[in-house]
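Just so we're aligned: 41 in full-length UniProt numbering is position 41 of the sequence shown, and the numbers increase by one with no gaps anywhere.
Read the structure below first, then the notes.
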Amino acid sequence: MRVLLVEDEVRLAENVRRGLSAEGFVVDVVHNGTDGLFNAEVNSYDVVVLDIMLPGLNGYEVCRRMRASGVWTPVLMLTAKDGEYDQTDAFDLGADDYLTKPFSFLVLVARLRALIRRGAPVRPAVLAAGDLTLDPATRTVRRAEEEITLTPREFGLLHFLMRHRGDVVSKPDILESVWDANYEGDDNVVEVYIGYLRRKIDQPFGRHAIETIRGAGYRLAAGGG
């Protein structure tokens, strides 16, 4: 059972991580909302434990962006707030449960196990562009009936392109959504990964789904190329 813990209180985060690890969970910890969103979108988790008051992006915004991008991993909001409107806001944005600090560790574990048993609240639809399909739930990609193996980053890039199929997306849009809003490396990394994708989803099938729009960015043909 893999958990993403997004908590800026370092000591609390470490205590929760150690406790969950002792209970058999595999825990990834980040301390700000930007890294939390990045990990939630790129990696596969059984549940996300998300503080509301975070640097970078707050927990509400992280949850909203997760759901907007088709990430349906169950989310448990963790916060020092205890007002009913805070709970309503969290649920309205797509959270699945809510726990107020200070909390019982045993209650946290019980809530997490219940969320994992329940699974994702909505199974996302399979995305399609012609005979190219991507299933976010099973993380599988196919051309017709042939399955294509992608790395996590390649999958994230294709997922983004397919959510915006038919539209031109810029390098900054891709970097912010697939890498990180604070990514400071060379933006040519996008070209590199576009090339990787073309060699997997286009060239073996004689297709040209991913188009380069000079001076603007890239577009995934709505018909699959």
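Ideal placement from N, C-alpha and C gives every residue a C-beta, glycine not left out.
Computed from a predicted model, the values in this text were never measured in an experiment.
Task: C-alpha distance - PRO74 paired with ARG153, whole-angstrom precision - done: 22 Å
Open item on the list: Looking only at its chain, what residues have a beta carbon closer than 6 Å to the beta carbon of GLU23, apart from the 5 residues adjacent to it on each side?
Closed with: VAL109
Task: Neighbourhood of ASP35 by C-beta distance below 6 Å, restricted to the same chain and skipping five residues each side - done: none
- [ ] Go ahead and label ASP167 buried or exposed: buried means 16 or more other beta carbons lie within 10 angstroms of its beta carbon, across all protein chains shown.
- [x] exposed
Task: Chain-order list of residues whose beta-carbon lies under 6 Å from that of LYS101 (same chain, five-residue window excluded) - done: ALA80
TODO: Apply the 10 Å Cβ neighbour rule to ASP97 and answer buried if 16 or more other Cβ atoms are within range, or exposed otherwise.
DONE: buried
- [ ] Check whether the Cβ atoms of VAL6 and LEU50 sit closer than 7 Å, and answer yes or no.
- [x] yes
Task: Own chain, CB closer than 6 Å to SER170, minus 5 neighbours either side, in chain order - done: GLY217
Open item on the list: Assuming the contact rule is C-beta atoms closer than 8 Å, VAL107 and ASP46 should be a hit. Round their C-beta distance to whole Å, please.
Closed with: No, VAL107 and ASP46 are not in contact; Cβ-Cβ is about 18 Å, not under 8 Å.
- [ ] Identify, in the order they occur along the chain, each residue of the same chain with its Cβ nearer than 6 Å to the Cβ of ARG67, setting aside the five sequence neighbours on each side.
- [x] GLY94
- [ ] List the endpoints of the continuous beta strand (DSSP E) containing ARG219.
- [x] 217-220
Task: As assigned by DSSP and simplified to three states, the class of ILE213 - done: strand
Open item on the list: The alpha helix (DSSP H) that contains ASP173, what's its start and end?
Closed with: 171-174
- [ ] Provide the residue(s) that pair with TYR98 in DSSP beta bridges, ordered along the chain.
- [x] MET77
Open item on the list: Looking only at its chain, what residues have a beta carbon closer than 8 Å to the beta carbon of THR212, apart from the 5 residues adjacent to it on each side?
Closed with: ILE194, TYR218
Open item on the list: I'd like to know whether the C-beta atoms of MET162 and LEU197 end up nearer to each other than 7 Å.
Closed with: no
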